[in-house]
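Here is the structure we will look at, set down as structure tokens.
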Amino acid sequence: MSLLYIRKKILPDDLFEDILYDLNNIPLWKDAEVYDSNPSKRGVNEGIRKTKLYAVEPEVYPEIDKYFRELIHQWNYDLIPEEYYVRELSLLKYEKGDHFVKHLDRINDNRSPRIFSTTTVLTKSDDLEGGDFLVYPEGNSDAITVDLDVGETIFFDSVKTYHQVNKIKKGSRQVLVAWIHKRRYNKNTQ
Ligand SMILES: O=C(O)CCC(=O)C(=O)O
7 MSLLYIRKKI
17 LPDDLFEDIL
27 YDLNNIPLWK
37 DAEVYDSNPS
47 KRGVNEGIRK
57 TKLYAVEPEV
67 YPEIDKYFRE
77 LIHQWNYDLI
87 PEEYYVRELS
97 LLKYEKGDHF
107 VKHLDRINDN
117 RSPRIFSTTT
127 VLTKSDDLEG
137 GDFLVYPEGN
147 SDAITVDLDV
157 GETIFFDSVK
167 TYHQVNKIKK
177 GSRQVLVAWI
187 HKRRYNKNTQ
């Protein structure tokens, strides 16, 4: 039977501290946009997603691939971790009223597809209420709440696993989201 998700502390303390440092020095947060295969539906849509975002070039954390690759092997031992890499990284900040409705991370265009999605919790305020991370088992409308601790990562299939972030009622939550793609042999077509 295939896994629904892996939940684990995977990033080492020194890398985690570097990310926290950068998080505290973000020059400008943007309103997160919604991706849609139809370009006219792209953009900020607070009914679907409301959070602040800062996109990070994965090269900023060159060693991050190594840690997420360990999860690929745990997910399916038959996969070859070296064939995968972190192509997209975002820092997200959720405050009161922020949320992300149930969705998949599938991208339906000519870009290389997302294969695995991860969220790593960077901070949770002491007064946090709401902001739960929910995953939906395939074909099931009942969600499972995954109460990630600070430092923990959740890893799941981008195409199959519906997930959601409940509305924040109080406090704040900050996360690092990483999407893992499959390498193509011709680097120019990545
Ligand atoms: O905030 C999170 O933990 C998840 C964000 C998310 O689902 C996404 O960016 O696709």
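Residues in the sequence shown are numbered consecutively from 7, following the working numbering. Think of the CB as a built atom: it goes at the ideal place given N, C-alpha and C, for glycine as much as any other residue. Note that the coordinates shown come from a computational prediction; the quantities given were computed from them, not determined experimentally.
How about residue i: is its Cβ closer than 7 Å to a heavy atom in ligand 1?
i, result
"H79", "no"
"F74", "no"
"T151", "no"
"H169", "yes"
"D111", "yes"
"V181", "yes"
"L98", "yes"
"T129", "no"
"T124", "no"
"F139", "yes"
"F162", "no"
"F106", "yes"
Considering only their Cβ atoms, is the gap separating residue j from residue i smaller than 8 Å?
i, j, result
"A38", "L98", "yes"
"K56", "G103", "yes"
"V141", "F161", "no"
"F139", "V171", "yes"
"S96", "Y41", "no"
"T125", "T167", "no"
"I113", "G137", "no"
"R117", "W185", "no"
"Y90", "R13", "no"
"L134", "K108", "no"
"T129", "Q180", "yes"
Of all Cβ atoms in chain B, is any one closer than 8 Å to the Cβ of residue i?
i, result
"S8", "This model lacks chain B altogether; it includes just one protein chain."
How would you label residue i, buried or exposed, when you count the other beta carbons within 10 angstroms and need 16 or more for buried?
i, result
"Y73", "buried"
"L182", "buried"
"H169", "buried"
"V50", "exposed"
"V127", "buried"
"I25", "buried"
"H187", "buried"
"L77", "buried"
"V92", "buried"
"Y11", "buried"
"L17", "buried"
"L154", "buried"
In three-state terms, what does DSSP make of residue i?
i, result
"I113", "coil"
"I70", "helix"
"K47", "helix"
"Y83", "coil"
"E158", "coil"
"T195", "Because T195 sits at a pLDDT of 49, beneath the cut-off of 50, its placement in the model cannot be relied upon, and the following sentence gives the value as read from the coordinates. T195: helix per DSSP, three-state reduction."
"I32", "coil"
"I54", "coil"
"L26", "helix"
"R75", "helix"
"L17", "coil"
"E101", "coil"
"E94", "strand"
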